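Data block below; observations after.
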């Protein structure tokens with residue numbers, strides 16, 4: 021029988037090194053409300069129309085460090101055919117990323133494109149689960165083009181903090 025070494029867990033080995041390291045991911049805020057319950061379940065005859073709003077924020081956690089919190093913010097508003105609110109779901113899903121040797125000119129696209137791309141499948145799953153568990157068809161978000169989102173945001177003056185680099 022050959023001996024196999026398993027890598028140590030949590031602090032037993034040097035942290036992973038690469039240009040982008042995902043240290044931690046977590047649900048920072050999750051809200052699901054059905055303002056018209058229980059009547060909405062009795063009167064709704066078809067799947068509601070859903071409006072999705074998505075935003076990405078990045079902030080440096082500590083000055084002089086290359087560790088950032090990336091927040092993927094998703095809001096789903098569902099309306100019935102009659103215009104009544106079926107549900108409102110809000111999710112802020114975050115990741116703590118360390119960037120190693122990323123050139124300054126690549127910092128913003130890495131923070132606002134690559135990092136949210138890594139978080140998106142997990143946020144998508146949470147949103148689908150919470151809407152399904154709330155008694156509605158699951159909201160299955162289509163893949164997001166984070167490059168296009170970032171480029172459209174760069175073209176618009178915004179008072180919101182995009183990346184604190």
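Numbering (my numbering), first residue to last: 21 to 185.
Backbone N, C-alpha and C define an ideal beta-carbon position, used for all residues, glycine too.
Computed from a predicted model, the values in this text were never measured in an experiment.
- Residue 87 has its alpha-carbon roughly 6 Å from the corresponding atom of residue 117.
- For residue 133, the CB contacts under 6 Å within the same chain, skipping 5 residues up- and downstream, are 166, 167, 170 in chain order.
- Rounded to the nearest whole angstrom, the CA to CA distance from residue 157 to residue 98 is 11 Å.
- The alpha-carbon of residue 38 is positioned some 36 Å away from that of residue 151.
- Under the 10 Å beta carbon count, residue 65 is surrounded by fewer than 16 other beta carbons and is classified as exposed.
- The three-state reading of DSSP puts residue 81 in coil, since its state is none of H, G, I, E or B.
- As computed with DSSP, residue 116 is found in a beta bridge with 44, 89.
- With contacts defined by Cβ atoms closer than 8 Å, residue 114 and residue 48 form a contacting pair.
- Along the region 90 to 165, the beta strand (DSSP E) occurs as fully enclosed runs of 3 or more residues at 105 to 119, listed in sequence order.
- Residue 90 has its alpha-carbon roughly 10 Å from the corresponding atom of residue 112.
- Here residue 76 carries a strand assignment [DSSP, helix/strand/coil].
- For residue 59, the enclosing alpha helix (DSSP H) begins and ends at 59 to 63.
- For residue 51, the pairing in a beta bridge is given by DSSP as 110.
- Put simply, the backbone Cα of residue 74 is about 30 Å away from that of residue 62.
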